[in-house]
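Worksheet: one structure, shown below.
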Amino acid sequence: MTTGCPVRRRIARDAGQSAPNRWWRSFASAAHRLLVGPEPADTPVNGLLALLPRRWRRLLVLAGAALLLVVLGAADWAELDRHTAFHRLLPVGLLAVAHVAPVAMARRRPLLAWRISVLATVLTPAVAPLEVSSGLPWPPVVGVAHLLVLVQVAAAVPRGVAVLATVVDGAAMAAITVASTTPDLGLVQGGLVLIVLVAGLGVSVGAWQATSGRLAEQRRRIVQEQERRAVVEERNRIARELHDVVAHHLSMIAVRAETAPFRRPGLDGDGRGELAGIATDARSALVDMRRLLGVLRTDHDVRERAPQPQLADLPELVASARRSGLPVRMRVHGRPGRTAASPPAVGLAAYRVVQEALSNASRHAHGAAVRVDVRHLPTAVRIRVVNALPDRPAGRGSRDGLAGPGHGLTGMRERVGMVGGQLAAGPTRDGGFSVDVTLPWDPADAGRRLPEADAGRDVR
Numbered sequence: 000m001t002t003g004c005p006v007r008r009r010i011a012r013d014a015g016q017s018a019p020n021r022w023w024r025s026f027a028s029a030a031h032r033l034l035v036g037p038e039p040a041d042t043p044v045n046g047l048l049a050l051l052p053r054r055w056r057r058l059l060v061l062a063g064a065a066l067l068l069v070v071l072g073a074a075d076w077a078e079l080d081r082h083t084a085f086h087r088l089l090p091v092g093l094l095a096v097a098h099v100a101p102v103a104m105a106r107r108r109p110l111l112a113w114r115i116s117v118l119a120t121v122l123t124p125a126v127a128p129l130e131v132s133s134g135l136p137w138p139p140v141v142g143v144a145h146l147l148v149l150v151q152v153a154a155a156v157p158r159g160v161a162v163l164a165t166v167v168d169g170a171a172m173a174a175i176t177v178a179s180t181t182p183d184l185g186l187v188q189g190g191l192v193l194i195v196l197v198a199g200l201g202v203s204v205g206a207w208q209a210t211s212g213r214l215a216e217q218r219r220r221i222v223q224e225q226e227r228r229a230v231v232e233e234r235n236r237i238a239r240e241l242h243d244v245v246a247h248h249l250s251m252i253a254v255r256a257e258t259a260p261f262r263r264p265g266l267d268g269d270g271r272g273e274l275a276g277i278a279t280d281a282r283s284a285l286v287d288m289r290r291l292l293g294v295l296r297t298d299h300d301v302r303e304r305a306p307q308p309q310l311a312d313l314p315e316l317v318a319s320a321r322r323s324g325l326p327v328r329m330r331v332h333g334r335p336g337r338t339a340a341s342p343p344a345v346g347l348a349a350y351r352v353v354q355e356a357l358s359n360a361s362r363h364a365h366g367a368a369v370r371v372d373v374r375h376l377p378t379a380v381r382i383r384v385v386n387a388l389p390d391r392p393a394g395r396g397s398r399d400g401l402a403g404p405g406h407g408l409t410g411m412r413e414r415v416g417m418v419g420g421q422l423a424a425g426p427t428r429d430g431g432f433s434v435d436v437t438l439p440w441d442p443a444d445a446g447r448r449l450p451e452a453d454a455g456r457d458v459r
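Numbering (numbering that gives the first Met the number 0), first residue to last: 0 to 459.
What follows is the structure, given as structure tokens:
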């Protein structure tokens with residue numbers, strides 16, 4: 000007794016059939032697909048044709064079909080008897096179009112092209128009988144046109160359908176050749192061998208295209224997975240840094256709560272108990288935070304255990320980049336009075352963005368002049384890092400002192416987004432690259448229009 004699973008029922012049904020029954024079912028399925036079945040899905044364009052735009056590929060196919068039409072028409076016209084050419088002109092012209100049109104449509108509609116080509120090939124000896132010196136009932140170019148269609152069909156359809164199309168072509172060619180001309184066994188055998196070789200070539204091309212498509216899909220998925228993992232890794236790194244900042248604040252809360260009774264001797268018992276509870280809760284949260292940091296950190300995160308950099312550390316970062324060989328200048332606009340009191344998360348994000356921008360400039364535009372503009376505004380800090388067009392092709396560059404922990408623009412966007420900022424990055428008109436970041440002091444100010452900054456001053 001079989002279960003209700005469709006797959007199991009199909010397996011049981013196939014197992015109960017004999018080999019001839021399975022063969023006939025496969026044959027019937029292939030015949031239905033070949034004669035009236037749907038077209039196969041579009042196969043990706045590979046090789047040299049993939050380098051051409053779609054419009055040029057279409058023009059190339061149409062030009063080839065037009066050339067084949069001219070050659071086919073000339074060949075048919077040459078085979079016509081001069082006394083009967085006029086009344087055969089129309090059917091010969093229609094047959095020439097019927098032979099050429101499938102060549103043009105074989106790429107997009109291979110099964111329909113094959114059906115039209117087979118019909119035209121069968122009707123040619125009956126509608127316009129020609130006396131061809133080669134012994135075939137068609138000019139050689141007619142066979143070439145049909146073989147071009149056959150190779151496209153064999154490349155696009157399943158192998159069983161391709162085999163059936165090859166058998167039909169071979170049988171039709173042999174039957175019409177024997178019936179229309181003096182039987183030539185060698186000619187028929189040569190035609191059959193040629194048909195099989197062309198079909199085999201099409202099957203091989205189809206297998207190569209399918210393999211190339213699967214490899215391209217795998218590469219696309221690998222790239223997507225790498226991008227996803229890069230985003231996750233960057234978010235984890237940002238979380239570790241922000242947890243450091245939060246842990247610092249919790250530690251300060253605990254210290255202030257514990258020392259408040261000594262700094263405020265007049266506190267009553269309830270106040271002292273409240274402060275003691277705050278200190279205890281802060282210490283507990285700090286312990287939990289350190290445990291979380293221990294889980295998020297990796298063995299090579301020694302550098303991240305150092306105090307997190309802030310806006311005030313930007314001049315040292317620029318100086319370090321200059322020592323590594325990057326021609327960079329920094330210009331500060333406005334009064335940096337709020338820099339020292341800026342939220343640590345904002346200062347850390349600003350530092351990391353500048354660090355990553357300088358690192359990218361060193362890597363992709365080594366030798367190009369870089370300008371860092373920092374604008375201290377009442378509600379935000381705006382930073383713009385611009386590098387000019389490099390004098391020589393981009394290389395790895397020197398990154399001593401610039402190696403940031405991020406992943407390029409992905410890391411910048413993650414950091415800026417976590418503090419409610421905005422980022423715009425892209426090429427400049429002169430061929431350079433610009434990174435423009437706005438970080439609000441207060442997340443509630445995110446998205447507001449920024450006031451104008453005053454004149455700047457150079458920081459060397």
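Think of the CB as a built atom: it goes at the ideal place given N, C-alpha and C, for glycine as much as any other residue.
Proximity of the stretch 324-336 to the stretch 344-352 falls short of the contact definition, fewer than three beta-carbon pairs being nearer than 8 Å. Taking a C-beta distance under 8 Å as the contact criterion, A367 and A344 do not qualify as a contact pair.
A Cβ-Cβ contact shorter than 8 Å links V148 with A112.
Here the stretch 26-33 makes contact with the stretch 149-162; the two share three or more CB pairs at distances below 8 Å. A direct Cα-to-Cα measurement between P37 and G189 gives close to 32 Å. Taking C-alpha positions only, V140 is separated from L94 by approximately 13 Å. Counting along the chain, A379 sits inside the beta strand (DSSP E) bounded by residues A379 to N386. When DSSP reads this structure, V434 sits in a beta bridge with V384 and A424. Comparing alpha-carbon positions, the option among V380, A320 and V150 lying closest to A356 turns out to be A320. P342 sits away from H365, with the two beta carbons spaced by 8 Å or more. Straight through space, the alpha carbons of V371 and I382 are spaced by roughly 7 Å. Beyond the five residues adjoining it in sequence on each side, V121 comes within less than 7 Å, by CB distance, of A171 and I175 in the same chain, given in chain order. With contacts defined as CB atoms closer than 8 Å, V156 and L110 qualify as a contacting pair. Of the residues assessed, N20 falls on the exposed side of the cut-off, its CB having fewer than 16 other CB atoms within 10 angstroms.
Exclusion of the five residues before and after S433 leaves V385 and T427 as the residues of its chain whose Cβ lies within less than 6 Å of its Cβ.
The shortest CA-to-CA distance from S250 to any of A278, Q223 and Q421 is the one to A278.
L285 is positioned such that its CB atom lies closer than 8 Å to that of A246. Scanning P439, A154 and G431 for the CA closest to the CA of L422 turns up P439.
Taken through DSSP and simplified to helix, strand or coil, P37 comes out as coil. When the Cα atoms are used, D269 and E257 turn out to be separated by approximately 14 Å.
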